[in-house]
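In order, the protein sequences belong to chains A and B. Per this note's numbering, residue 2 is the first one in the first sequence, and the count goes up by one each step. Per this note's numbering, residue 159 is the first one in the second sequence, and the count goes up by one each step. First the structure, in the form of structure tokens, and then the observations on it.
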Amino acid sequence: MDVTKIIKRAAQELVSGQVVNLGIGLPTKILDHIPPELDVFFQSENGILGAKKISENESVDPDLIDSGGAHINIREGASFFDSSVSFAMIRRGKIDVTIMGAFEVDQEGSLANWKIPGYFSPGIGGAMELAQKTPKVIILCSHNDKKGNSKILKKCKLPLTAKKCISRIITDKAVIDVTNEGLVLKEIAEGLTINEVIKQTEALLIIPKNVGTF
Amino acid sequence: MNKQIAIEDVIATIPDGASIMVGGFGNPGTPFTLIDELLKQGQRNLTLIKNDANEAFIGISKLIENGQVNKLITSHIGLNKVVIDMMNQEMLDVEFHPQGILAEKVRNAGAGCYGFLTDVGLDTEITDQESLINYQGKTLKIESALYADFALIHAHSADCYGNLVYESSAMNFSPLMAMAANKVIVETSHLVPATDLVPAHIHTPSAFVDSIVDLALSTHKNTSAGI
Chain A
2 MDVTKIIKRA
12 AQELVSGQVV
22 NLGIGLPTKI
32 LDHIPPELDV
42 FFQSENGILG
52 AKKISENESV
62 DPDLIDSGGA
72 HINIREGASF
82 FDSSVSFAMI
92 RRGKIDVTIM
102 GAFEVDQEGS
112 LANWKIPGYF
122 SPGIGGAMEL
132 AQKTPKVIIL
142 CSHNDKKGNS
152 KILKKCKLPL
162 TAKKCISRII
172 TDKAVIDVTN
182 EGLVLKEIAE
192 GLTINEVIKQ
202 TEALLIIPKN
212 VGTF
Chain B
159 MNKQIAIEDV
169 IATIPDGASI
179 MVGGFGNPGT
189 PFTLIDELLK
199 QGQRNLTLIK
209 NDANEAFIGI
219 SKLIENGQVN
229 KLITSHIGLN
239 KVVIDMMNQE
249 MLDVEFHPQG
259 ILAEKVRNAG
269 AGCYGFLTDV
279 GLDTEITDQE
289 SLINYQGKTL
299 KIESALYADF
309 ALIHAHSADC
319 YGNLVYESSA
329 MNFSPLMAMA
339 ANKVIVETSH
349 LVPATDLVPA
359 HIHTPSAFVD
369 SIVDLALSTH
379 KNTSAGI
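Have a look at this one:
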């Protein structure tokens, strides 16, 4: 799977003026692909607004990490606050965009990304509040699992993180929007056909007149 | 009104079976030296409340690995495989909450209240139908306030009265826990004259703090810092 393709496509979702939360894993890697002039405030749930990737020549502050535990720096205009303020910001909808990973998503826009019973249950972290309360939730995931099964389902089977919360899904094969009518195929990866994407997707896809490529 | 005390003496006030809030999100803000003294004194049957379980072999993970902890109330322990294994083998009772709900439960206790209403997680398996009520036309979940017997806190700077200042992302749960626990024990790497702290810049006012341990005097210093 082409992970870099997903990350680069996701980076295009960010525009100056936004407040953005990036989940652990794939979403955090977006920081490697954003132009320096992008005027965005990255929120980290451990109490930072204005997180910035640390560069190699900068010294490490042991008290300054992001929510994934990585050493970071801050941009000009940044602020620090406690965990209740951090989640007040999230639950009040002050984060414009959150980008997170998923185990499963479905055609109603529901998300499962915190628990696989009997196999993976490290806890909820900030995922439920971010997914339920952020106006724009963008999901990054591989289109299919290692066995080739679609991760974009008619209905999630795993325990939900939040119901009907997703705006957009970006995979290695497609960009899909969640609308009131259902899932709309917006773009397909270069080299694929629309039919190939439909075949590898369990959920029903609405195919508009114009489907772009990325 | 000098709240400075020897670390051995103040940790000795914690009995077996105590509930203890521990500040910190990952390493920043974790009171490593107070934890090490608790490990040394060996109190047992503890309930710990912390955002995470630190990483294996450091911080509260040492207390859990040493069998001193019965229950952990937390948000996410994904960076600690040892504690996840102990949970899966039922050697440790773990109660998970969404991170901001955990913070708010602590904050609510710190404000002297008994709970609040939220819609977070209503459509998920974490919601027990018995905790739902109808209020102002909405179905909401009752979240109870979370109190504790003790809080162990790391502050960047403090004065002898117990005014506290935290550093960057080391703040996290600390000011909330310092309000919610009955007894608040603080370690600080910078115990300064009160005149050195700016009143408008103090994060936790002294009234919430019971005891201050000066890390400069501590025999085992802040050994486990650094990721």
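Even glycine gets a Cβ: it sits at the ideal position worked out from N, Cα and C.
Point to revise | Best match in A:S56, A:V41, A:E59, A:L112 for proximity to A79 (chain A) [C-alpha to C-alpha] | key: Nearest of A:S56, A:V41, A:E59, A:L112 to A79 (chain A), Cα basis: A:V41.
Review point. Nearest chain A C-beta to G295 (chain B) closer than 8 Å, yes or no?
Key: G295 (chain B) does not count as touching chain A.
Exercise for review: Please list, in chain order, all residues of the same chain as P160 (chain A) whose beta carbon is under 8 Å from its beta carbon, the five residues on each side excluded.
Suggested key: Hits under 8 Å: A113, W115, K116, P118.
Exercise for review: Pull up the DSSP beta-bridge partners for Y293 (chain B), would you.
Suggested key: Under the DSSP definition of a beta bridge, Y293 (chain B) partners with B:K296.
Practice item. Could you check which residue in A:N181, A:A175, A:D83, A:I199 has the C-alpha nearest to that of M335 (chain B)? Key: Of the candidates A:N181, A:A175, A:D83, A:I199, the one whose C-alpha sits nearest the C-alpha of M335 (chain B) is A:D83.
Point to revise | Minimum Cβ-Cβ distance from A261 (chain B) to chain A less than 8 Å | key: Under the 8 Å criterion on CB atoms, A261 (chain B) is classed as interfacial with respect to chain A.
Review point. Can you check whether the CB of N74 (chain A) is closer than 8 Å to the CB of E59 (chain A)?
Key: A contact, by the Cβ cut-off of 8 Å.
Point to revise | For I311 (chain B), the nearest candidate out of B:E262, B:L197, B:F366 (CA to CA) | key: Comparing Cα-Cα distances from I311 (chain B) to each of B:E262, B:L197, B:F366, the minimum goes to B:F366.
Check your understanding: Quick one: does T172 (chain A) have its CB under 8 Å from some CB of chain B?
Key -> Taking Cβ atoms only, chain B never reaches closer than 8 Å to T172 (chain A), which makes this a no.
Check your understanding: Just by C-beta distance, which residues in the region 324 to 355 of chain B are closer than 9 Å to chain A?
Key -> Listed in chain order, the positions of the region 324 to 355 of chain B with a beta carbon within less than 9 Å of a beta carbon of chain A are Y324, E325, S326, S327, A328, M329, N330, F331, S332, P333, L334.
Exercise for review: Determine the direct distance from the alpha carbon of G279 (chain B) to that of V264 (chain B), and round the result to whole angstroms.
Suggested key: Looking at the two C-alpha atoms, the distance is approximately 18 Å.
Check your understanding: From the beta carbon of L23 (chain A), is the nearest beta carbon of chain B less than 8 Å away?
Key -> Not an interface residue.
**Study point:** Ordered list of alpha helix (DSSP H) runs contained in the region 228 to 256 of chain B, each at least 4 residues
**Key:** If we require 4 residues or more, the alpha helix (DSSP H) runs fully inside the region 228 to 256 of chain B come out as 239 to 246.
Check your understanding: By the criterion of Cβ-Cβ separation under 7 Å, what are the contact partners of Q133 (chain A) in chain B?
Key -> Going along chain B in sequence order, the residues near Q133 (chain A) (Cβ under 7 Å) are V278.
Point to revise | chain B within 8 Å of A163 (chain A), Cβ atoms only | key: Interface annotation, A163 (chain A): in contact with chain B, CB-CB separation under 8 Å.
Check your understanding: Is it true that the CB of K164 (chain A) sits closer than 8 Å to the CB of S122 (chain A)?
Key -> In this structure, S122 (chain A) keeps its C-beta atom at 8 Å or more from the C-beta atom of K164 (chain A).
Review point. Of all the options A:I140, A:S168, A:K210, which has the alpha carbon lying nearest to the alpha carbon of I7 (chain A)?
Key: Residue A:I140 is the option with its Cα nearest to I7 (chain A).
Practice item. Step through the CB atoms of chain B and report whether any lies within less than 8 Å of the CB of F104 (chain A). Key: Cβ-Cβ to chain B under 8 Å: no for F104 (chain A).
**Study point:** Helix, strand or coil at I49 (chain A) [DSSP, three-state]
**Key:** In the three-state reduction of the DSSP assignment, I49 (chain A) falls in the strand class.
Practice item. State yes or no: is the beta carbon of P155 (chain B) nearer than 8 Å to at least one beta carbon in chain A? Key: Any property of residue 155 (chain B) remains undetermined from this structure, which presents chain B solely from 159 to 385.
Review point. Is it the case that the CB of G175 (chain B) approaches a heavy atom of the ligand GTP more closely than 7 Å?
Key: The ligand GTP is absent from the structure shown, which contains no ligands of any kind.
Practice item. Determine, using beta carbons only, whether D97 (chain A) comes closer than 8 Å to chain B. Key: Taking CB atoms only, D97 (chain A) has no neighbour in chain B less than 8 Å away.
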